[in-house]
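Have a look at the structure below before the remarks.
Protein chains in written order, with this note's numbering: chain A, 1 to 241; chain B, 242 to 482.
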């Protein structure tokens, strides 16, 4: 049974303000919820149309109609769970770190979190202007990878100012990434979808890198930030393979 | 002024059946429409809230309210145009060709078309089960790249059977792409989002390639097909840079 207070809480968690206030976020779909249950994340409540056979005090069986009322998806997928937002761990300085300067699109951030997981990037550092990683659309796009990447929201300029690692940034007019001896340890900064890396953050970049274009050089479009991140993380890893 | 027959035609073009029947597709947004106007595509009609200063017989000035009625977008962007679907040119056999085996998501196909444009892949060959490239969501995601890539829908098995080019395919259990001497000319096959390359198509693959995973090897998720395409096209290009 679904009470009014449950519905009110779940609906509020669409908004960052209430996620921060309550310290909870929403996950949907059997597969992703199961993956999160196996992680260190703490379950607050599970609303499901079929039992997961977990501790009954956290599991609330509901009907399809009830699920449709609380789901953020057009096609709800059997279950919705509320988990506690974990505390971010301190940022390691012992590997490759990805930093995002105001990436706004939830789908892009979700894809980028999956890429960090794939390429073994333990730390994802986001500027305060980057979309919240506990946004339901981001969670949906990460497919469980969010449990394996440490995501910190920081004052990016301050972080870059204080690090001892070399700082690389993706630019349209950077050096060809194929020609650069990329290190095992360092920071790669990716910029906003429309404006790229901001002037303020650019001041901290040691090496500007770019992905060569092979098509019609007259065309002005850039690569999408998620696909550019895929290519550049692959470049960092391949040289140390 | 917007007549009922205009509205009926535009609305019908959301569906592939009617796009094929009429031979038209819809493009939205000032920037993309301007880019398509500069290409070889033939404009059928332009519905816009502000004049583009083009031949008046093709331009119909409408109000914001009228645009909202015909737009496929939640936030319409000043103009909507109908273009003629171009005839596919014959497939060249003199470079790198990308082939898609039942890629279903319009956003993925749009991103992949942009990647072909970036990496100078002139021919994109799609199985009949691949989402239609004139689907409005694909067009929206291509950002004009669709004018620079020759897209053919074919019987993929037959095409692969008849080509003289070496055929590479992306698989989870393929050889590490870093270890393979990739050629300048060849075909790269990418599979469906959920099932990868089908058994039928797999029979034609000469070399299975995979992108090494560096993160938690227990995790089972694969890369998204668009990001995997980005990485593999970059790999094909970098060796011949």
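We treat Cβ as the ideally placed atom computed from N, Cα and C, and that holds for glycine.
In chain order, 28, 80 place their CB closer than 7 Å to the CB of residue 71 of chain A, counting only its own chain and leaving out the 5 sequence neighbours on each side. At a Cβ-Cβ threshold of 7 Å, residue 379 of chain B and residue 323 of chain B do not count as neighbours.
Shown in chain order are the members of the region 130-144 of chain A whose Cβ falls below 7 Å from a Cβ of chain B: 143, 144.
For residue 168 of chain A, no CB of chain B lies under 7 Å from its own CB, so it is not counted at the interface with that chain. At a cut-off of 7 Å between beta-carbon atoms, residue 259 of chain B makes no contact with chain A. Assigned with DSSP and collapsed to three states, residue 467 of chain B falls in helix. Residue 372 of chain B carries a coil assignment under DSSP once its states are collapsed to helix, strand and coil.
Looking only at B/351, B/395, B/412, the smallest Cα-Cα distance to residue 385 of chain B is reached by B/351. Listed in chain order, the positions of the region 113-128 of chain A with a beta carbon within less than 8 Å of a beta carbon of chain B are 114, 115, 116, 117, 118, 119, 120, 121. Listed along the chain, the chain B residues whose CB falls inside 7 Å of the CB of residue 238 of chain A are 419.
Of all residues in the region 440-464 of chain B, only 452, 453, 454, 455, 456, 457, 460, 462, 464 come within less than 8 Å of chain A when Cβ atoms are compared, listed by chain position. Closest option to residue 44 of chain A, judged by alpha-carbon separation, among A/33, A/24, A/52: A/24. Ranked by Cα distance from residue 409 of chain B, the options B/245, B/426, B/394 are led by B/426. By the 16-neighbour rule on beta-carbons within 10 angstroms, residue 35 of chain A is buried. Judged by DSSP in its simplified three-state form, residue 323 of chain B adopts strand. Residue 457 of chain B is not a Cβ neighbour of residue 213 of chain A, given a cutoff of 7 Å.
For residue 482 of chain B, a Cβ of chain A is located within less than 7 Å of the residue's own Cβ.
For residue 273 of chain B, the closest Cβ of chain A is not nearer than 7 Å. DSSP, reduced to helix, strand and coil, places residue 117 of chain A within a helical segment of the structure shown. In the three-state scheme derived from DSSP, where H, G and I count as helix and E and B as strand, residue 391 of chain B is classed as strand. The three-state secondary structure of residue 205 of chain A, taken from DSSP, is coil. Contact of residue 230 of chain A with chain B is assigned, a C-beta pair being separated by under 7 Å.
Within the region 40-58 of chain A, not one residue has a Cβ closer than 9 Å to any Cβ of chain B.
Three or more beta-carbon pairs separated by less than 8 Å are not found between the region 462-479 of chain B and the region 243-261 of chain B, which leaves the two stretches without contact. The DSSP-derived three-state label of residue 418 of chain B is helix.
The continuous alpha helix (DSSP H) containing residue 379 of chain B extends over residues 377-383. The beta carbon of residue 335 of chain B does not come within 7 Å of any beta carbon belonging to chain A, so the residue lies off that interface. Per DSSP, residue 289 of chain B is one residue of the beta strand (DSSP E) stretching across 284-289. Residue 382 of chain B is positioned such that its CB atom lies closer than 7 Å to that of residue 348 of chain B. The beta-carbon of residue 433 of chain B is placed no less than 7 Å from the nearest beta-carbon of chain A. Put simply, the backbone Cα of residue 57 of chain A is about 13 Å away from that of residue 48 of chain A. Here residue 126 of chain A really is in contact with residue 153 of chain A; their C-beta atoms are around 5 Å apart, less than 8 Å. At least 7 Å separates the CB of residue 74 of chain A from every CB of chain B. The C-beta of residue 388 of chain B comes no closer than 7 Å to any C-beta of chain A. Assignment of beta-bridge partners to residue 60 of chain A by DSSP yields A/47. Residues of chain B whose Cβ lies closer than 9 Å to the Cβ of residue 195 of chain A do not exist; the shortest such Cβ separation is about 15 Å.
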